[in-house]
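Notes for the one structure printed next.
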DNA sequence: CAGTTTACATCGACAGTCAAGGTATGTCAA
DNA sequence: TTGACATACCTTGACTGTCGATGTAAACTG
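Chains as they are written, first to last, in our numbering: chain V, 13 to 126; chain D, 13 to 126.
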């Protein structure tokens, strides 16, 4: 099933931070992990992810460091900072507030929603 | 409480259609009604609403007609078409699918969400 | 009769996302 | 060893949705 990409707006940062709250990860890994965790609902594009990671790094929500695998492959890992963890909690609150608001409006018009 | 405006992206059309599923309404009315129904969570801007209504009219999801109040005030009412009603149902499905996806990802990282 | 509310509308700017493309290296099978 | 594919990072230009500001005009209110 597909849904409008625009629904995603603003939630990607939250989802990224959420992934990182479970342990340090590198970009490419996040794309797969997000897809896996959401049961294929979300397919984060790299063109969205990398600029987002850079922005999160700049704002201090994540810290980046490089690491090379035994095989010799370079990876850029991201670590959730204390600030980022707080930001995640705030975003989760916002999300719940927002989604409940939507459901309230929908429920008012169509009580059979469930 | 505030939340990122960008979270709204894509959901406004659904909310508008939802309002209209409850009966014909004019623009200005929708702004107040949405605010009321969502318990002040959503404050739809007129600069967002009117272009959106025009787009929905163009796509055939709503039909517009003019009506003058006894007081002499002109109003442009919008009526949800059959096509619009179907579109609303589709958008609601998308929304539920999307929000459940988000909650799944958040839940995986923070099981204490409940 | 001045100020506020109602009512519709447009404009320029901005943020988030995407598709497409670019670079480079490791893996694996023919 | 060559060619295809997966990994891994990144940038660019375009598009969409929203916002804030602003405009216009009529009706209500003190």
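Glycine included, C-beta positions come from ideal geometry on N, C-alpha and C. Since this is a predicted model, take the numbers as computed values, not measurements.
Any C-beta of chain D under 8 Å from that of residue i
| i | result |
| --- | --- |
| residue 18 of chain V | yes |
| residue 72 of chain V | no |
| residue 53 of chain V | yes |
| residue 120 of chain V | yes |
| residue 117 of chain V | yes |
| residue 22 of chain V | yes |
| residue 61 of chain V | no |
| residue 64 of chain V | no |
| residue 68 of chain V | no |
| residue 46 of chain V | yes |
| residue 56 of chain V | no |
DSSP bridge partner residues for residue i (one or two, in chain order)
| i | result |
| --- | --- |
| residue 78 of chain V | V/88 |
Classification of residue i by the beta-carbon crowding that lies within 10 angstroms, buried from 16 upward
| i | result |
| --- | --- |
| residue 34 of chain V | exposed |
| residue 71 of chain D | exposed |
| residue 25 of chain V | buried |
| residue 44 of chain D | exposed |
| residue 84 of chain D | exposed |
| residue 48 of chain V | exposed |
| residue 37 of chain V | buried |
| residue 95 of chain V | exposed |
| residue 86 of chain V | exposed |
| residue 77 of chain V | exposed |
| residue 113 of chain D | buried |
| residue 103 of chain V | buried |
| residue 90 of chain V | buried |
| residue 22 of chain V | buried |
Cβ of residue i within 8 Å of any chain V Cβ
| i | result |
| --- | --- |
| residue 50 of chain D | yes |
| residue 124 of chain D | In this prediction, residue 124 of chain D has a pLDDT of 49, which is less than 50 and means its spatial position is unreliable; what the coordinates show is noted afterwards. No - not a single Cβ of chain V is within 8 Å of the one on residue 124 of chain D. |
Interface residues of the region 90-114 of chain D facing chain V [CB-CB below 7 Å]: 104, 106, 107, 109, 110, 111, 113, 114
Ordered list of alpha helix (DSSP H) runs contained in the region 29-66 of chain V, each at least 4 residues: 39-49
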